[in-house]
Amino acid sequence: EAQVTQNPRYLITVTGKKLTVTCSQNMNHEYMSWYRQDPGLGLRQIYYSMNVEVTDKGDVPEGYKVSRKEKRNFPLILESPSPNQTSLYFCASSPGVDSYNEQFFGPGTRLTVL
Amino acid sequence: KNEVEQSPQNLTAQEGEFITINCSYSVGISALHWLQQHPGGGIVSLFMLSSGKKKHGRLIATINIQEKHSSLHITASHPRDSAVYICAVRLVKTSGSRLTFGEGTQLTVNP
Numbered sequence: 001e002a003q004v005t006q007n008p009r010y011l012i013t014v015t016g017k018k019l020t021v022t023c024s025q026n027m028n029h030e031y032m033s034w035y036r037q038d039p040g041l042g043l044r045q046i047y048y049s050m051n052v053e054v055t056d057k058g059d060v061p062e063g064y065k066v067s068r069k070e071k072r073n074f075p076l077i078l079e080s081p082s083p084n085q086t087s088l089y090f091c092a093s094s095p096g097v098d099s100y101n102e103q104f105f106g107p108g109t110r111l112t113v114l
Numbered sequence: 001k002n003e004v005e006q007s008p009q010n011l012t013a014q015e016g017e018f019i020t021i022n023c024s025y026s027v028g029i030s031a032l033h034w035l036q037q038h039p040g041g042g043i044v045s046l047f048m049l050s051s052g053k054k055k056h057g058r059l060i061a062t063i064n065i066q067e068k069h070s071s072l073h074i075t076a077s078h079p080r081d082s083a084v085y086i087c088a089v090r091l092v093k094t095s096g097s098r099l100t101f102g103e104g105t106q107l108t109v110n111p
């Protein structure tokens, strides 16, 4: 089944403890992206990648890192999480990098930083 | 002011009613997406538009590039249509592949 998977789905952690949220897609998509969703602010893009080893900042990249060593994987790394990074996170992928491609979303990761 | 505005923020309808959700944007775009977020949180892409109109089942999406406006219509609404509907645009002025999102419209369809 074509899908985007994220792990973990739920995570409660403490300030400063490094964590990684994994994202994997099995559709051979070039484009991958991370978003966070917060009440009253909607979805905002954190980082995106247009291909292997090509990443760029979105609207809210501070406090996050990403890497794209393989086409299928795009992990989101929080080196030193803080409470303001408590949010619902979505990974998405798309066949191409232009505007005209549908985006496929993962199921979301609900992160709480205490 | 957000670059993408949706209206209404909340909408309650009775089963069978025709529903319209609006999205307005303030700058040039290359494409507009309509997304559906289920009560469990999952997000599904409904439409991608760059011009004209698209239809899928009971859903219809239109876009007017000159007026910077798009609408999502649901005909013969059903309680299973209850969800948050999100408009997202690819702004011409942004580099790369960044999407800018509206805050969403919470739709509740009562039986």
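Taken in order, these protein sequences are the chains called A and B. Numbered per the working numbering, the first sequence spans residues 1 to 114. Numbered per the working numbering, the second sequence spans residues 1 to 111. Glycine included, each C-beta is placed from N, C-alpha and C at the ideal position.
- Task: Going by CA-CA distance only, name the one from B:Ile29, B:Gly16, B:Glu103 that's closest to Leu49 of chain B.
- Result: Position 49 of the second sequence, counted from the start, is the residue given in the question as residue 49 of chain B. Here the closest residue by C-alpha is B:Ile29.
- Item | Member of A:Ala92, A:Asn101, A:Glu102 whose CA lies at the smallest distance from the CA of Met32 of chain A | Residue 32 of chain A sits at position 32 when you count from the first residue of the first sequence. The shortest C-alpha separation from Met32 of chain A is found at A:Ala92.
- Message: So Glu119 of chain A and Lys65 of chain A are supposed to be a Cβ contact under 8 Å. How far apart are they, rounded?
- Response: Residue coverage of chain A in this structure runs from 1 to 114, which leaves residue 119 of chain A outside it and unanswerable.
- Message: Out of B:Lys55, B:Ile21, B:Val84, B:Lys68, which one is the CA nearest neighbour of Leu91 of chain B?
- Response: For the purposes of this step, residue 91 of chain B is taken as the residue at position 91 of the second sequence. Taking only the C-alpha atoms, the option nearest Leu91 of chain B is B:Lys68.
- Query: List, in order along the chain, the chain B residues whose C-beta lies closer than 8 Å to that of Tyr10 of chain A?
  - Reply: One-based indexing of the first sequence puts residue 10 of chain A at position 10. Ordered by position in chain B, no residue passes the 8 Å Cβ test against Tyr10 of chain A, which lies about 11 Å from the chain.
- Query: Looking at chain B, which residues of the region 60-90 of chain A have a Cβ within less than 8 Å of any of its Cβ atoms?
  - Reply: Leu88, Phe90
- Query: What does DSSP give as the partner residues of Ser24 of chain A in its beta bridges?
  - Reply: Walking along the first sequence from the start, residue 24 of chain A turns up at place 24. According to DSSP, which records beta bridges pairwise, Ser24 of chain A is partnered with A:Thr5, A:Asn73.
- Item | Beta-carbon neighbours of Leu99 of chain B, restricted to chain A and to distances below 7 Å | To locate residue 99 of chain B, count along the second sequence from 1; it is residue 99. What Leu99 of chain B touches in chain A: Gln45.
- Note down, in chain order, every chain A residue with its Cβ under 9 Å from the Cβ of Gly41 of chain B. Position 41 of the second sequence, counted from the first residue, corresponds to residue 41 of chain B. Under the 9 Å cutoff, chain A gives Gln37, Leu88, Phe90, Pro107, Gly108, Arg110.
- Could you tell me the boundaries of the beta strand (DSSP E) in which Phe90 of chain A lies? By 1-based counting over the first sequence, the position of residue 90 of chain A is 90. That run of the beta strand (DSSP E) goes 87-94.
- Compare the C-beta of Glu5 of chain B against all C-beta atoms of chain A and say whether one is closer than 8 Å. One-based indexing of the second sequence puts residue 5 of chain B at position 5. Closer than 8 Å: no.
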